[in-house]
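Asker:
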Amino acid sequence: QVQLVESGGGLVKPGGSLRLSCEVSGFTFNDYHMSWVRQAPGKGLEWLSHIKDNDRSVQYADSLKGRFTISRDNAKNSLYLIMNSLRAEDTAIYYCARRQRVLKKATRGTTVVDFYYYYMDVWGRGTTVIVSS
Amino acid sequence: DIVMTQSPLSLPVTPGEPASISCRSSQSLLHSNGYNYLDWYVQKPGQSPQVLIYLGSNRASGVPDRFSGSGSGTDFSLKITRVEAEDVGIYYCMQSLQTPLTFGGGTKVEIK
Chain A
2 QVQLVESGGG
12 LVKPGGSLRL
22 SCEVSGFTFN
32 DYHMSWVRQA
42 PGKGLEWLSH
52 IKDNDRSVQY
62 ADSLKGRFTI
72 SRDNAKNSLY
82 LIMNSLRAED
92 TAIYYCARRQ
102 RVLKKATRGT
112 TVVDFYYYYM
122 DVWGRGTTVI
132 VSS
Chain Y
315 DIVMTQSPLS
325 LPVTPGEPAS
335 ISCRSSQSLL
345 HSNGYNYLDW
355 YVQKPGQSPQ
365 VLIYLGSNRA
375 SGVPDRFSGS
385 GSGTDFSLKI
395 TRVEAEDVGI
405 YYCMQSLQTP
415 LTFGGGTKVE
425 IK
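Protein chains in written order, with the working numbering: chain A, 2 to 134; chain Y, 315 to 426.
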């Protein structure tokens with residue numbers, strides 16, 4: 002069955018670093034784009050980053066300001082999030098999510114074109130990061 | 315960034331009755347391909363989020379047909395035709411038209 006299991010969270014001091022991992026099973030990892038989303042205590046969801054299947058295209062939330070790096074190792078069926086210069090406001094549950102790809106058709110004048118849409122269809126249980134002195 | 319605003323914040327519902335959640339975006343989510351880049355997720359108590367609706371009105375696999383999404387441009391809604399006890403949770407809309415992907419603040423659905 003499809004599973005995503007995050008690990009690597011813990012208690013870290015402000016300014017410290019952590020590497021989160023997300024190990025997947027039950028599907029062909031290198032066929033899918035992947036995302037990281039976090040949830041601060043008692044707060045809503047915040048998208049952080051996503052990475053394409055080929056590892057060549059990544060995007061980040063501006064708020065991360067270069068402190069976080071997403072990567073993947075398709076041979077190990079794993080997604081990573083390296084977090085540097087951690088702050089108290091980074092305290093959150095960090096979820097990895099698979100981005101499902103769906104093929105849709107759109108009409109442009111007399112032409113029908115195909116396009117892919119991506120949405121987060123499977124989520125892990127999350128790993129908790131606490132940044133505190 | 316596109317700001318997503320949901321209402322109400324809290325929605326007490328009676329089992330068997332309908333429920334509706336509104337989501338408004340600060341910019342149109344209508345792509346040039348004619349689709350609205352808007353998803354709905356629910357986070358049930360103690361669980362991770364799960365997708366309900368993508369592209370504004372497409373139910374994800376396994377989602378009961380009592381859930382439906384509608385709307386276009388900047389105004390969207392999620393409707394539950396007959397609420398069941400298992401539907402309690404926090405519902406989020408999310409735009410995927412442009413990065414950063416942004417979520418609404420959430421609507422907490424609870425049973426009266």
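Beta carbons are placed, not taken as given, at the ideal position from N, Cα and C, and that holds for glycine. Fair warning: this is a prediction, and the values are worked out from it, not measured in the lab.
First and last residue of the beta strand (DSSP E) that includes Ser386/Y?
Answerer: Counting along the chain, the beta strand (DSSP E) containing Ser386/Y begins and ends at 381-386.
Asker: Report the neighbours of Gln412/Y on chain A: residues whose CB is nearer than 7 Å to its CB, in chain order.
Answerer: Those within 7 Å of Gln412/Y in chain A number zero; the least Cβ separation is about 10 Å.
Asker: Between the stretch 16-33 of chain A and the stretch 82-92 of chain A, can you find at least three pairs of beta-carbon atoms closer than 8 Å?
Answerer: As far as the Cβ criterion goes, the stretch 82-92 of chain A touches the stretch 16-33 of chain A, which means the pair count is three or higher.
Asker: Taking the alpha-carbon of Val356/Y as reference, which of Thr111/A, Trp124/A, Val113/A has the nearest alpha-carbon?
Answerer: Trp124/A
Asker: I'd like the ranges of any beta strand (DSSP E) spanning at least 3 consecutive residues and lying wholly in the stretch 63-103 of chain A.
Answerer: 69-74, 79-84
Asker: How many Å lie between Phe28/A and Ala62/A at the Cα?
Answerer: 27 Å
Asker: When you check each C-beta in the stretch 48-77 of chain A against every C-beta of chain Y, which residues fall closer than 7 Å?
Answerer: Taking 7 Å as the Cβ-Cβ cut-off, the stretch 48-77 of chain A approaches chain Y at Trp48, Gln60, Ala62, Asp63, given in chain order.
Asker: Check Asp115/A in the structure and name its three-state DSSP category.
Answerer: In the displayed model, Asp115/A falls within a strand according to three-state DSSP.
Asker: Is the stretch 102-109 of chain A touching the stretch 342-350 of chain Y, taking contact as three or more C-beta pairs under 8 Å?
Answerer: Yes, they touch.
Asker: For the ligand PLP, I want to know if Gly27/A counts as a neighbour, meaning its beta carbon is within less than 7 Å of at least one of the ligand's heavy atoms.
Answerer: For the ligand PLP, the structure offers nothing, since it holds no ligand at all.
Asker: Counting only beta-carbon atoms, is Ala107/A nearer than 8 Å to chain Y?
Answerer: yes
Asker: What residues match up with Gln320/Y in a beta bridge as DSSP calls it?
Answerer: Partner(s): Cys337/Y.
Asker: Using the Cα positions of Pro359/Y and Lys422/Y, report the straight-line distance between them to the nearest angstrom.
Answerer: 10 Å
Asker: Using DSSP with H/G/I as helix, E/B as strand and the rest coil, what is Ala374/Y?
Answerer: coil
Asker: State buried or exposed for Glu424/Y, treating a residue as buried only when at least 16 other CB atoms are found within 10 Å of its CB.
Answerer: exposed
Asker: Between which two residues does the beta strand (DSSP E) carrying Tyr368/Y extend?
Answerer: 363-368
Asker: For a test of the three-state rule: what should DSSP assign to Phe30/A, helix, strand or coil?
Answerer: helix
Asker: If you run the structure through DSSP and keep just helix, strand and coil, what is Ala399/Y?
Answerer: Secondary structure of Ala399/Y (DSSP, three-state): helix.
Asker: Counting only Cβ pairs nearer than 8 Å, list the residues of chain A close to Gly350/Y.
Answerer: The sequence given here has Asn at residue 350/Y, not Gly. In chain order: nothing, as chain A lies at least about 11 Å away.
Asker: Going straight from the alpha carbon of Leu1/A to that of Ser22/A, what length do you get?
Answerer: Outside the shown range of chain A, which is 2 to 134, sits residue 1/A, and nothing can be said about it.
Asker: Ser339/Y: buried (16+ other C-beta within 10 angstroms of its C-beta) or exposed?
Answerer: buried
Asker: Counting only beta-carbon atoms, is Met84/A nearer than 8 Å to chain Y?
Answerer: no
Asker: Is the shortest distance between the beta-carbon of Phe116/A and the beta-carbons of chain Y less than 8 Å?
Answerer: yes
Asker: Report, in whole angstroms, the separation of the C-beta atoms of Tyr96/A and Gly67/A, which I expect to be a contact under 8 Å.
Answerer: The beta carbons of Tyr96/A and Gly67/A sit about 22 Å from each other, so the pair does not count as a contact at 8 Å.
Asker: Just to make sure I have the definition right: I need the residues of chain Y whose C-beta is within less than 9 Å of the C-beta of Asp122/A. Which are they?
Answerer: Near Asp122/A (Cβ distances below 9 Å), the residues of chain Y are Gln364, Val365, Tyr368, Ala374, Ser375.
Asker: Can you find a CB in chain D that lies within less than 8 Å of the CB of Phe381/Y?
Answerer: Although the question refers to chain D, the structure presented lacks it and instead comprises the protein chains A and Y.
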